[in-house]
Amino acid sequence: MKGAIVITGVSSGIGRDALAVLHAKGYHIYGSIRKKADADLLISEYPERFTPLVFDVQDHEEVIKASKIVFKQCTELIALINNAGIAVPGPLQHISEEDFEQQLDINIKAVRRVTNVFLPLLGAQKNFTGSPGRIINISSVSGLFNSPFNGAYCISKHGVESMTDTYRRELYRYGIKVIAIEPGPIKTAIWKKSENQLEKFRDTDYFDVLKNANTIIKRIEKSALPVERIPKVILKCLEKRKPKTRYIVHKNRLLFKLLAYYLPDKLVDWIVYKTASKGDRHRPF
Ligand SMILES: NC(=O)c1ccc[n+]([C@@H]2O[C@H](COP(=O)([O-])OP(=O)(O)OC[C@H]3O[C@@H](n4cnc5c(N)ncnc54)[C@H](OP(=O)(O)O)[C@@H]3O)[C@@H](O)[C@H]2O)c1
Numbered sequence: 062m063k064g065a066i067v068i069t070g071v072s073s074g075i076g077r078d079a080l081a082v083l084h085a086k087g088y089h090i091y092g093s094i095r096k097k098a099d100a101d102l103l104i105s106e107y108p109e110r111f112t113p114l115v116f117d118v119q120d121h122e123e124v125i126k127a128s129k130i131v132f133k134q135c136t137e138l139i140a141l142i143n144n145a146g147i148a149v150p151g152p153l154q155h156i157s158e159e160d161f162e163q164q165l166d167i168n169i170k171a172v173r174r175v176t177n178v179f180l181p182l183l184g185a186q187k188n189f190t191g192s193p194g195r196i197i198n199i200s201s202v203s204g205l206f207n208s209p210f211n212g213a214y215c216i217s218k219h220g221v222e223s224m225t226d227t228y229r230r231e232l233y234r235y236g237i238k239v240i241a242i243e244p245g246p247i248k249t250a251i252w253k254k255s256e257n258q259l260e261k262f263r264d265t266d267y268f269d270v271l272k273n274a275n276t277i278i279k280r281i282e283k284s285a286l287p288v289e290r291i292p293k294v295i296l297k298c299l300e301k302r303k304p305k306t307r308y309i310v311h312k313n314r315l316l317f318k319l320l321a322y323y324l325p326d327k328l329v330d331w332i333v334y335k336t337a338s339k340g341d342r343h344r345p346f
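For the record, in the sequence shown the residue sitting at position 58 is 119 according to the working numbering, with numbers rising by one throughout.
The following block contains the structure:
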C-alpha cells in the first residue's frame with residue numbers, strides 16, 4: 062500500500078475518475094460522498110483500499126465526525142484533494158442570495174473547512190514524524206478569467222486560487238505543498254446540472270443572451286476534454302518531487318493565456334461582449 066489520500070466528491074466526474082486511477086496505483090482512498098447509496102456502490106466496486114466518508118462539505122460537524130475514521134486508521138496522509146464543487150450560473154445582478162451563498166460556501170469556504178480538519182495528518186502539527194502531505198485544489202480556468210453569466214462560479218474559483226496561494230505560503234514551514242489544478246471544460250455531469258437553470262432569468266434584460274444557454278452548454282460539453290485528463294495531472298502533483306504550483310488543463314491554452322494575461326482589459330471586455338452576444342458561446346476560448 063502506497064499511503065492514504067482523502068478526496069472530496071467521489072460520487073461522479075473528476076472525483077470518481079481520480080478515485081479509480083489513484084486506487085489502481087495502490088493508494089488507499091478515503092472518498093467523501095453524500096448519499097449512502099453512492100457509498101454502497103463504491104464499496105462494491107472497491108472492496109479493498111477504499112473507505113467512504115459520508116459528509117456534506119457544508120456541514121462542519123459531519124466533516125469532523127467522518128474525519129475521525131481517518132484519524133483512527135492513519136498517522137499521516139499523502140494528500141488531500143479538494144474536488145467537491147458546484148456551478149451556479151446566471152447574471153450576478155439576479156442570482157438569489159441563497160444560491161450565491163451556496164456557491165461560495167461549497168466551492169470556497171468548504172475548502173478551508175475540510176483542509177483545516179485534515180491538516181494535522183498532512184503534517185501541520187508539532188512533533189509530526191511522517192512525510193509532509195500535499196493539498197491539491199481542483200480550481201478552474203474560471204479562477205483566472207471572469208466570464209459573464211458564470212460570475213458566482215468565477216468568484217468562487219478565484220477564491221480557491223487565493224486560498225491555494227495563501228495556504229502554500231503559510232504551510233511552507235511544514236513542507237506541505239499546495240497546488241491548484243485549473244481545468245477548462247471537462248466532460249462530466251456538472252454541465253447537465255446547469256441545463257435549464259437559466260430559465261428563471263426569463264424576465265431579465267439578459268435573456269436575449271441567456272435563452273441560448275442550453276445550446277451553449279451542449280456546445281461546450283461536446284468539445285470538452287475527457288475526464289481522464291485530470292487524474293494524469295493529479296498524479297504529477299502527487300508524485301513529482303517538485304510539482305508546479307498550478308496546472309492549467311485547457312484545449313486552447315495559448316488563446317486562454319492571451320486573453321487572461323496579455324490583452325488589455327478593455328479589449329477583452331469587448332471581445333467577450335461580442336462573443337456572448339452572438340449567442341453560441343459565453344466566452345471566446
Ligand atoms: N467539469 C468541468 O468542466 C470542470 C472544469 C473546471 C473545474 N471543475 C471542478 O471540478 C470539480 C468536480 O466537478 P465535476 O466536473 O467532476 O462535477 P460533478 O460530476 O458534478 O461532481 C461534483 C462532485 O462534488 C460533490 N458535491 C457537490 N456538492 C457537494 C457538497 N455540498 N458536499 C459534498 N460533496 C458535494 C458531488 O456529490 P453529489 O453527487 O452528492 O452531488 C460530486 O461528487 C468541481 O470543483 C468543479 O468546479 C470542473
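Ideal placement from N, C-alpha and C gives every residue a C-beta, glycine not left out. Remember, predicted model here, so these are calculated numbers, not experimental data.
- Per DSSP, reduced to three states, the secondary structure at H219 is helical.
- Under DSSP, N273 shares a beta bridge with no residue.
- The three-state reading of DSSP puts I169 in helix, counting H, G and I together.
- Taking all protein chains in view, the Cβ of D78 is crowded by 16 or more other Cβ atoms within 10 Å, so the residue is classified as buried.
- In the DSSP assignment, Y308 falls within the beta strand (DSSP E) that extends over 307-310.
- The DSSP-derived three-state label of I147 is coil.
- Shown here for L315: not one same chain residue has a beta carbon closer than 6 Å to its own, the five before and five after excluded.
- Counted as a single uninterrupted DSSP element, the alpha helix (DSSP H) harbouring G76 occupies residues 74-85.
- Shortest gap from the CB of R95 to any heavy atom of ligand 1: under 7 Å.
- For Y322, no beta strand (DSSP E) run applies, since DSSP gives it neither H nor E.
- Under the three-state reduction of DSSP, F189 is assigned to coil, being neither helix nor strand.
- The count of Cβ pairs closer than 8 Å, one atom from the segment 149-157 and one from the segment 77-96, stays below three, leaving the stretches out of contact.
- Checking the 7 Å criterion, the Cβ of I247 is within range of a heavy atom belonging to ligand 1.
- Taking all protein chains shown into account, K238 has 16 or more neighbouring C-beta atoms within 10 Å of its C-beta and is therefore buried.
- S208 counts as buried, since at least 16 other C-beta atoms from the protein chains shown sit within 10 angstroms of its C-beta.
- Per the C-alpha coordinates, the member of D226, R195, E256 positioned closest to R302 is R195.
- DSSP places S284 in the helix class (H, G or I) of the three-state scheme.
- Rounded to whole angstroms, the separation of the alpha carbons of I291 and Y308 is 10 Å.
- Relative to ligand 1, V172 has its C-beta separated by 7 Å or more from all heavy atoms.
- Taking each of T69, P345, V294, G212 in turn and checking the Cα distance to W331, the smallest one comes out for P345.
- Between I142 and I66 the beta-carbon gap is near 7 Å, inside 8 Å, which marks them as a contact.
- Excluding residues up to 5 positions away in sequence, E256 lie with their Cβ nearer than 6 Å to the Cβ of N275 in the same chain.
- By the neighbour-count criterion, in which 16 or more other beta carbons inside 10 Å mark a residue as buried, Y214 falls on the buried side.
- A heavy atom of ligand 1 is found nearer than 7 Å to the CB of T69.
- In its chain, beyond the 5 residues on either side, P292 have a beta carbon closer than 6 Å to the beta carbon of V82.
- For S93, the enclosing beta strand (DSSP E) has its first and last residue at 89-94.
- As the crow flies, the alpha-carbon of D117 is around 23 Å from that of P108.
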